[in-house]
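Peer 1:
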Amino acid sequence: MKKIDNQIIGVSRKRNNFELTVILAPEFQGLGCFSKSLELLKNKLKGITDEIYALVHKNNKKMNQIMKSKFYFDGESKIGQIELNRYIIF
122 MKKIDNQIIG
132 VSRKRNNFEL
142 TVILAPEFQG
152 LGCFSKSLEL
162 LKNKLKGITD
172 EIYALVHKNN
182 KKMNQIMKSK
192 FYFDGESKIG
202 QIELNRYIIF
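What follows is the structure, encoded as structure tokens:
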């Protein structure tokens with residue numbers, strides 16, 4: 122995971138799955154940082170896996186709309202008290 126001025130972009134491996142984490146300060150949202158991060162990650166994992174999972178806060182309506190329009194909704198999960206939606210990025 123890498124932190125750059127209130128932005129966190131990282132990937133972790135959970136069992137056999139790769140999960141993408143992107144946390145952006147509000148002033149950097151909507152500038153294409155997520156798309157750029159996803160492309161970099163896809164290139165890095167090419168030949169290793171065909172699926173990347175992304176977790177999105179349930180209350181983040183804008184990001185859930187974006188994810189639902191581009192990727193496959195795979196269900197809901199919780200980390201502690203945080204409710205999340207899970208998407209598969211092929």
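Be aware that the sequence shown starts at 122, since it is given in the working numbering, and climbs by one per residue. Every residue gets a Cβ at the ideal spot worked out from N, C-alpha and C, and that includes glycine.
For I203, collect the residues of the same chain with a Cβ closer than 7 Å to its Cβ; drop the 5 residues on either side in sequence, then sort them by chain order.
Peer 2: H178
Peer 1: Measuring CB to CB, does A175 end up less than 9 Å from I210?
Peer 2: A contact, by the Cβ cut-off of 9 Å.
Peer 1: Note down, in chain order, each residue of its chain lying with its Cβ closer than 6 Å to the Cβ of Y193, except the 5 sequence neighbours on either side.
Peer 2: I209
Peer 1: Alpha carbon to alpha carbon, how far is K157 from I187? Give it in angstroms, no decimals.
Peer 2: When rounded, the separation of the alpha-carbon atoms in I187 and K157 is 14 Å.
Peer 1: Could you tell me which uninterrupted beta strand (DSSP E) segments, each at least 3 residues in length, are contained entirely in the region 140-184, listed from first to last along the chain?
Peer 2: Runs found: 173-178.
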